[in-house]
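Right, one structure below, let's go through it.
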Amino acid sequence: MKPLKIGLDSRPNLARAMQESPTLAREVLATLMDLADESFSPDKGIRWADLPQHLHEKLTYRQLVTGIMRGTLDAREINPDSFDVLKAEVHPLSYFADRRSALDNSVRYARWRAHFAMPEGMPIDEVAIADIFRKLLRYARYVDIGALKQALESQQIASFRGLGERAVALLPMIPALRYQQKLFDDLHVGKFYDAVGAFDCGRLPERNDGKTCPACERPGMHHTDNYAICLDCNAGFRKEG
Ligand SMILES: [Zn+2]
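In our numbering, the protein residues as written are 32 to 272.
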């Protein structure tokens, strides 16, 4: 096949980078080309190129991917108010770096693995970063960002307590958390099966019909080889062991 030609007339930043830092410019281009190839990989379950139309009929690939890149990479837009002072520190992934104390200049070890619930010894690479964003996405589905923002703005603590009794009762995952508390104890509440993105609700009870969720009693359980997961309250149940 003929090699692709890339026009630089309408891409002044890239044109300049090709002159000033050609190695970096080539790495950026090669990364995006590899991702273009991966976008058509049939191994994804749903190909990335087809995903937008599965999410919403009017959503395009350009909108989805541009939004993801800008949303995660525009450091200034994450916190415009403090960006001038903190620079890249406003980015959640700046947790990767050791932090210097402003008081005595000592290096404080940043516990990013604990913060993001990652295994000991996990290296910083594309696997770790994909895992962190996956976790954020799973939680984002169950946290009412509007209510959380209001709670923060009215100086309430950044926890579900700040959302108020009523908002808490309306959170879709409450049945799963109640089930965890009833079957285990308070310390177990919120425990998560990272592999499937569902709350750890122990073994699937033997008397369960495989359809009704033991936690919220609604129908519609999704089955994998090893887990049953409720799509309503996000309760997860092990099938073995
Ligand atoms: Zn449920």
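Here a beta-carbon is modelled for each residue, glycine too, at the ideal position from N, C-alpha and C.
- Beyond the five residues adjoining it in sequence on each side, Gln-212 comes within less than 6 angstroms, by CB distance, of Val-220 in the same chain, given in chain order.
- Of the candidates Thr-97, Ala-80, Met-64, Met-64 places its Cα closest to the Cα of Leu-35.
- With fewer than 16 other beta carbons inside 10 angstroms of its own, Ala-119 counts as exposed.
- In terms of side-chain proximity, the C-beta atom of Ala-229 is found no nearer than 7 angstroms to any non-hydrogen atom of ligand 1.
- DSSP links His-254 through a beta bridge to Ala-259.
- The beta carbon of Ile-77 lies closer than 7 angstroms to those of His-85 in the same chain, with the five residues before and after it left out.
- Pairing Phe-114 with Thr-103, the inter-Cα distance amounts to about 15 angstroms.
- When Glu-271, Glu-108, Pro-111, Met-149 are compared, the shortest CA-CA separation from Tyr-126 is found for Met-149.
- Considering only Arg-209, Trp-79, Arg-107, Gly-177, the residue with the shortest C-alpha distance to Leu-95 is Trp-79.
- Distances taken from the Cβ of Asp-65 to the heavy atoms of ligand 1 include none shorter than 7 angstroms.
- For Ala-266, the three-state secondary structure derived from DSSP is strand.
- The beta carbon of Pro-250 sits closer than 8 angstroms to the beta carbons of Lys-242, Thr-243, Cys-244 from its chain, once the five residues preceding and following it are set aside; these are given in chain order.
- Between Ser-70 and the set Asp-225, Asp-256, Tyr-92, Arg-142, the nearest pair of CA atoms involves Tyr-92.
- In the DSSP secondary-structure assignment, Thr-243 is bridged to Pro-250.
- Rounded to whole angstroms, the separation of the alpha carbons of Thr-62 and Ser-72 is 15 angstroms.
- In this structure, Asp-231 lies near Lys-222, with their beta-carbon atoms less than 8 angstroms apart.
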